[in-house]
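Asks: In the UniProt record's numbering, the protein residues as written are 1 to 379.
Quick reminder that beta carbons are idealized off the backbone N, C-alpha and C, glycines included.
Provided herewith is a single structure, encoded as structure tokens, for subsequent inquiry.
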């Protein structure tokens, strides 16, 4: 499935590089977990007690501070670039388009890939009904599933479609409302992890992520703002270094400073994510305009297949991890084995996801051939 996008002008060409970089960060982030515990099932493998694992945990924690907000901001940017086309679509047509693009792949991937691979790898809660866990945890997104992003994006697209003809984001009060929605969504997610009731189908994540979509919609699509961003190697390096410093400061907040500590998830964390969005924008523009990486065939291929790779890669983590721990127990004590399994999960999940993509393409090609043959015979 090749979904290569033609960007309307040179100011947005860097988006292709941004998609590829962010996809790789997302897949990398999914290669670190050993324990996933939710009210609707999970896995509990012994986590390595090694220096290597501590370093990996720190790097992945840093990536998680910004990678999904940046993905959401890119979605907002792409929506803004295509808003004139969407304005011409009737509401029913737009809804159908997004439903087919997001919700149908969500349900099919959950049913045919995610649930089978997770549950043959031991993803379950013995105290609960597996059917109940699968329905509420995976399809209703009340448990742990990487596909929450797809469902959340569907709700956000519908919301922005309804306000597309307004200038509501020009009002500073709208950003306060978006921040409050982020905080409500964050509280719901945190309470849901503790077993409390929360809205299903990714609505909590939609609330939490809407502000980042709005930033992409309002600011990253602004040529004047992008024109002010210096993408020289030195500026890019200093920006990344400064952002790392801010993240380290955030991680070392003093609990004794009551106000800052109480606001860390609701004010400071979003600010860190927003800083990451603009830092990643500069990095992506630098990679695209100042390096040869963006022209590499593999880099372009990963970008073109980014949606499918996102859908299919993570479930294979459960299979790989279960197999690795079954074959050897040294993963929890060996420095080299810790690094090896992390790197192996990264490359193997990409390769296996491409296996699913190739099977889907082969099925689609065969179906179209049979369909065309039947049409020819009927004529």
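Quick check for students: name the residue ranges of the alpha helix (DSSP H) that lie wholly in the region 254 to 284, counting only runs of 4 or more.
Replies: DSSP runs (the alpha helix (DSSP H)) wholly in the region 254 to 284: 258 to 262.
Asks: Does the pairing of the region 338 to 357 with the region 313 to 324 give three or more beta-carbon distances under 8 Å?
Replies: In short, these stretches touch, since the Cβ pair count reaches three.
Asks: My output table needs one value for residue 43: the three-state DSSP class, helix, strand or coil.
Replies: Three-state result, residue 43: strand.
Asks: Counting Cβ pairs closer than 8 Å, one from the region 111 to 118 and one from the region 178 to 194, do we hit at least three?
Replies: Short answer: they don't touch.
Asks: Among 365, 34 and 302, whose alpha-carbon lies nearest the alpha-carbon of residue 16?
Replies: Checking every option, the nearest Cα to that of residue 16 belongs to 302.
Asks: Threshold first: 4 residues or longer. Then list the alpha helix (DSSP H) segments lying entirely within the region 189 to 244, N to C.
Replies: Counting only runs of 4 or more, we get 203 to 215 and 223 to 227.
Asks: Taking the alpha-carbon positions, what's the residue 149 to residue 270 distance?
Replies: Cα to Cα, residue 149 sits roughly 17 Å from residue 270.
Asks: Take residue 340 as the anchor and find which of 235, 30 and 324 has the nearest alpha-carbon.
Replies: Nearest option by C-alpha distance: 324.
Asks: With distances taken from CA atoms, which of 373, 159 and 357 is nearest residue 95?
Replies: Ranking the options by Cα distance to residue 95, first place goes to 159.
Asks: Check this for me: beta carbons of residue 98 and residue 157, under 8 Å apart or not?
Replies: Yes. Within cutoff.
Asks: In this structure, does DSSP put residue 180 in helix, strand or coil?
Replies: Three-state result, residue 180: helix.
Asks: Is residue 315 close to chain B? Criterion is C-beta to C-beta, closer than 8 Å.
Replies: No chain B is present in this structure, which holds just one protein chain.
Asks: Could you check the C-alpha separation between residue 367 and residue 359 for me, to the nearest Å?
Replies: Cα to Cα, the separation comes out at about 12 Å.
Asks: Can you give the Cα-Cα distance for residue 381 and residue 373, rounded to whole angstroms?
Replies: With the chain represented from 1 up to 379, any question about residue 381 goes unanswered, as that position is not in the structure.
Asks: Checking 8 Å against the spacing of the C-beta atoms, do residue 66 and residue 277 come in under that value?
Replies: Yes, the pair counts as a contact, with Cβ atoms nearer than the cut-off.
Asks: Do the region 66 to 80 and the region 127 to 137 make contact, defined as three or more Cβ pairs closer than 8 Å?
Replies: Taking 8 Å as the limit for Cβ pairs, the verdict is that the region 127 to 137 does not touch the region 66 to 80.
Asks: When you compare only the Cα positions, how much space is there between residue 14 and residue 153?
Replies: Cα-Cα distance, rounded: 21 Å.
Asks: Which residues bound the beta strand (DSSP E) around residue 36?
Replies: Taken as a continuous stretch (DSSP letters only), the beta strand (DSSP E) holding residue 36 covers 35 to 38.
Asks: Looking at residue 20 and residue 312, is the spacing between their C-beta atoms short of 8 Å?
Replies: No, the Cβ-Cβ distance between residue 312 and residue 20 is not below 8 Å.
Asks: Look at residue 225 and residue 219 and say whether their C-beta atoms are less than 8 Å apart.
Replies: In this structure, residue 219 lies closer than 8 Å to residue 225 by Cβ.
Asks: Just to confirm the assignment, what range does the alpha helix (DSSP H) spanning residue 57 have?
Replies: First-last of the alpha helix (DSSP H) with residue 57: 51 to 64.
Asks: At what residues does the alpha helix (DSSP H) containing residue 67 begin and finish?
Replies: Residues 67 to 81.
Asks: Is residue 373 helix, strand or coil by DSSP?
Replies: Note: residue 373 maps to helix in three-state DSSP.
Asks: Give the straight-line distance between the Cα atoms of residue 279 and residue 229, rounded to the nearest whole angstrom.
Replies: Each residue's alpha carbon lies about 10 Å from the other.
Asks: Does residue 140 come out as helix, strand or coil in the three-state DSSP assignment?
Replies: Three-state result, residue 140: coil.
Asks: Taking the alpha-carbon positions, what's the residue 362 to residue 370 distance?
Replies: Taking the straight line joining both Cα atoms gives about 12 Å.
Asks: Between which two residues does the alpha helix (DSSP H) containing residue 297 stretch?
Replies: It spans 297 to 304 - the alpha helix (DSSP H) in which residue 297 sits, taken as one unbroken run.
Asks: Measuring alpha carbon to alpha carbon, tell me which residue in 198, 181, 180 and 29 is nearest residue 188.
Replies: Nearest of 198, 181, 180 and 29 to residue 188, Cα basis: 198.
Asks: How about residue 184 and residue 207: do their beta carbons lie closer than 8 Å?
Replies: Yes, these two residues count as a Cβ contact at 8 Å.
Asks: Nearest to residue 172 by alpha carbon, out of 215, 375 and 209?
Replies: Measuring from the Cα of residue 172, the nearest candidate turns out to be 215.
Asks: Looking only at its chain, what residues have a beta carbon closer than 8 Å to the beta carbon of residue 29, apart from the 5 residues adjacent to it on each side?
Replies: Excluding sequence neighbours, residue 29 sits near 60, 63, 64 and 67.
Asks: Does the Cβ-Cβ distance between residue 260 and residue 268 come in under 8 Å?
Replies: In contact: residue 260 and residue 268 (Cβ atoms closer than 8 Å).
Asks: Tell me the rounded alpha-carbon separation between residue 204 and residue 375.
Replies: The alpha-carbon atoms of residue 204 and residue 375 are separated by roughly 46 Å.
Asks: Report the residue from 293, 308, 213 and 275 whose alpha carbon sits nearest the alpha carbon of residue 76.
Replies: It is 213 whose Cα lies nearest to the Cα of residue 76.
Asks: Between residue 33 and residue 87, what straight-line distance do the alpha-carbon atoms span, to the nearest angstrom?
Replies: Whole-angstrom Cα-Cα distance: 42 Å.
Asks: Give a yes or no on whether the C-beta atoms belonging to residue 275 and residue 236 are separated by under 8 Å.
Replies: No. Outside cutoff.
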